[in-house]
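First the structure, in the form of structure tokens, and then the observations on it.
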Amino acid sequence: MKPVSGPLLDIHCHIGPPLLAEEMLRLMDNVGVDQAVVFPTPYAWTLPSSENYYNTNDYVADSVRKYPERMIGFACINPAQVGNQALGMPNLARNELHRCIRDLDLRGVKLHPENHCFAVDTLCAGGGLSWFMETIIELQRETGRKIPILSHGMTTLGAQPDQFARVANDYPEVNIVIAHGAGFQNLYFAGLGQAKKCPNLYYDTAMLTADDAYLLGVVKQVGIDKIIFGSDHFTRAHTNLYGNFLYVLQRAFPDKFDLERVLGGNLARLL
590 MKPVSGPLLD
600 IHCHIGPPLL
610 AEEMLRLMDN
620 VGVDQAVVFP
630 TPYAWTLPSS
640 ENYYNTNDYV
650 ADSVRKYPER
660 MIGFACINPA
670 QVGNQALGMP
680 NLARNELHRC
690 IRDLDLRGVK
700 LHPENHCFAV
710 DTLCAGGGLS
720 WFMETIIELQ
730 RETGRKIPIL
740 SHGMTTLGAQ
750 PDQFARVAND
760 YPEVNIVIAH
770 GAGFQNLYFA
780 GLGQAKKCPN
790 LYYDTAMLTA
800 DDAYLLGVVK
810 QVGIDKIIFG
820 SDHFTRAHTN
830 LYGNFLYVLQ
840 RAFPDKFDLE
850 RVLGGNLARL
860 L
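Residue 590 is where the sequence shown starts when you use our numbering, and the numbers rise one by one after that.
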């Protein structure tokens with residue numbers, strides 16, 4: 590049964606083989622998820638073939654066109670993959686970012702610093718990958734809409750809250766969501782203190798465990814308005830995943846107004 594009367598939105602779903610869009614919809618329907626942000630896995634960007642990059646983002650765009658009321662498409666981009674002249678793919682990441690936003694009409698970007706081997710703070714102004722954030726801002730102005738970034742975080746030293754905070758401070762017009770930020774318990778909880786001052790920095794609940802103490806600690810640090818429901822389906826795809834997460838979240842947030850913000854209201858403001 591759907592636990593809230595308002596929209597139930599999931600910010601963190603990978604689609605593409607083996608989890609096809611139709612299977613994702615079945616999982617959503619089991620518990621009443623209204624819409625999911627969907628994007629490819631990050632692994633295609635580790636393979637030296639342009640077809641891998643293009644086809645995975647195209648599958649997402651095709652799925653959104655088939656199910657526009659249920660799926661919101663994000664591109665997966667590796668900003669460190671600047672291109673390969675020998676393979677005829679110069680400026681690969683920049684061109685793919687332009688293509689995904691302009692041509693495929695995808696609404697945001699998923700990053701994975703751990704898999705793609707870059708530190709988040711290289712996205713800062715003046716950093717080696719600052720072009721990426723500058724291009725996001727250009728595309729926001731061009732399209733007239735927000736282009737939020739969801740980035741893997743917390744599980745590696747290159748993607749911790751203080752690093753995200755530096756990027757968020759340099760680019761206050763871009764909303765950034767730290768994947769696993771409110772779900773993955775680790776040793777870097779103290780870094781949230783630096784991040785809580787950034788109005789454009791948010792945290793999803795992916796990898797949330799049955800122990801909600803960490804989640805409630807994050808809420809105490811950054812506020813309920815910064816927590817966004819995310820499941821991380823695909824990497825952990827099974828029918829009970831939604832049920833387990835929603836059980837923990839309902840226990841953590843007995844106040845219905847708080848629960849509705851986490852399960853939909855906070856994400857709706859970013860899109």
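Glycine included, every Cβ here is placed at the ideal spot set by N, Cα and C. Since this is a predicted model, take the numbers as computed values, not measurements.
Rounded to whole angstroms, the separation of the alpha carbons of Ala802 and Glu731 is 42 angstroms. Straight across, the Cα-Cα distance linking Gln729 with Ser820 is about 27 angstroms.
Take the alpha-carbon of Gly742 and the one of Phe753: they are about 9 angstroms apart.
When C-beta atoms of the region 608-624 are compared with those of the region 651-660, three or more pairs fall below 8 angstroms, so the two segments count as touching.
Across the structure, Tyr632 and Cys706 are spaced so that their CA atoms are roughly 12 angstroms apart.
Here the region 853-860 lies against the region 595-609, with 3 or more beta-carbon pairs under 8 angstroms apart. The criterion of a C-beta distance shorter than 8 angstroms is not satisfied by Pro668 and Tyr648. Per DSSP, the beta bridge partners of Val698 are Ala664, Ile738. Bounds of the alpha helix (DSSP H) holding Ile725 are 719-732.
The continuous stretches of beta strand (DSSP E) do not include His769, and DSSP gives it neither H nor E. Cβ neighbours of Ala771 within its own chain (closer than 7 angstroms, five residues either side excluded): Tyr792, Asp793, Thr794, Leu804, Val807, Ile816. In this structure, Leu718 places its C-beta atom within 8 angstroms of the C-beta atom of Thr711. Between His601 and Val626, the CB-CB gap stays under 8 angstroms. Taking all protein chains shown into account, Pro606 has fewer than 16 neighbouring C-beta atoms within 10 Å of its C-beta and is therefore exposed.
Apart from sequence neighbours up to five positions away, the residues of its chain that approach Thr745 with a beta-carbon distance below 6 angstroms are Glu703, ordered along the chain. Cβ-Cβ separation between Val811 and Lys785: approximately 4 angstroms, consistent with a contact (criterion under 8 angstroms). Excluding sequence positions up to five before and after Phe834, its CB lies within less than 8 angstroms of the CB of Thr794, Leu797, Phe818, Ser820, all in the same chain and listed in chain order. Sequence-distant Cβ neighbours of Phe721 in its own chain, meaning closer than 7 angstroms and more than five residues away, are Pro668, Leu712. Pro843 and Gly662 have their C-alpha atoms some 31 angstroms from each other. Put simply, of Ala682, Thr645, Glu849 the residue whose alpha carbon is nearest the alpha carbon of Val593 is Glu849. At least 8 angstroms separates the beta-carbon of Val698 from that of Gly747.
Per DSSP, Ala625 is one residue of the beta strand (DSSP E) stretching across 624-628. Comparing C-alpha distances from Arg755 to each of Gly715, Leu838, Asn646 shows the shortest one belongs to Gly715.
Sequence-distant partners of Asp814 (beyond 5 residues in either direction) whose C-beta falls short of 7 angstroms from its own C-beta, in its chain, are Arg850, Asn855.
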